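The opening position of the sequence shown corresponds to residue 42 in the numbering used here, with each subsequent residue numbered one higher.
A virtual CB, placed ideally from N, CA and C, is assigned to each residue, including glycine.
Fair warning: this is a prediction, and the values are worked out from it, not measured in the lab.
To start, the structure itself, in C-alpha cells.
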Amino acid sequence: MERRMDAALQQIEQEASLRTDRHIQVMREDMHKYVEDRFQIAIRRSDDTALALVREELKTRRADHHDPIT
42 MERRMDAALQ QIEQEASLRT DRHIQVMRED MHKYVEDRFQ IAIRRSDDTA
92 LALVREELKT RRADHHDPIT
C-alpha cells in the first residue's frame, strides 16, 4: 500500500514538473515574440522612443525572471 502511494506521489510530482517546465518554455516564447514584435514596430517607425522602450522592457523582464534571454 505504501509503495503504491509513493509511486502515485512520484508520478504527480513528475507531471507537475513537466507542466511547470512547459509553462516556463511558453512564457519564454511569448516574451521573445513580444520583444520581436515591439522591435519590428520600432524599426518600421524608426522611432527612437519605441526602441528605448524595447530596451527597457528587456531589462525589466530579465530582472523579473532572473533569466537571460537566449
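Looking at residue 76: is its Cβ nearer than 8 Å to the Cβ of residue 95? Your numbering for residue 76 matches position 35 in the sequence shown. Your numbering for residue 95 matches position 54 in the sequence shown. Yes, the Cβ-Cβ distance between residue 76 and residue 95 is below 8 Å.
Please report the distance separating the alpha-carbon of residue 58 from that of residue 46. Within the sequence shown, the letter at position 17 stands for residue 58. Within the sequence shown, the letter at position 5 stands for residue 46. About 18 Å.
Compute the distance between the beta-carbons of residue 79 and residue 97, then report whether it is under 8 Å. Position 38 of the sequence shown holds residue 79. Position 56 of the sequence shown holds residue 97. Result no, Cβ atoms of residue 79 and residue 97 do not sit closer than 8 Å.
Neighbourhood of residue 92 by C-beta distance below 6 Å, restricted to the same chain and skipping five residues each side: As a first step, residue 92 must be located in the sequence shown, where it is residue number 51. 83.
If we ignore side chains and look at the alpha-carbon of each, how far apart do residue 89 and residue 60 end up? Numbered from its first residue, the sequence shown carries residue 89 at position 48. Numbered from its first residue, the sequence shown carries residue 60 at position 19. Taking the CA atoms as reference points, residue 89 sits about 39 Å from residue 60.
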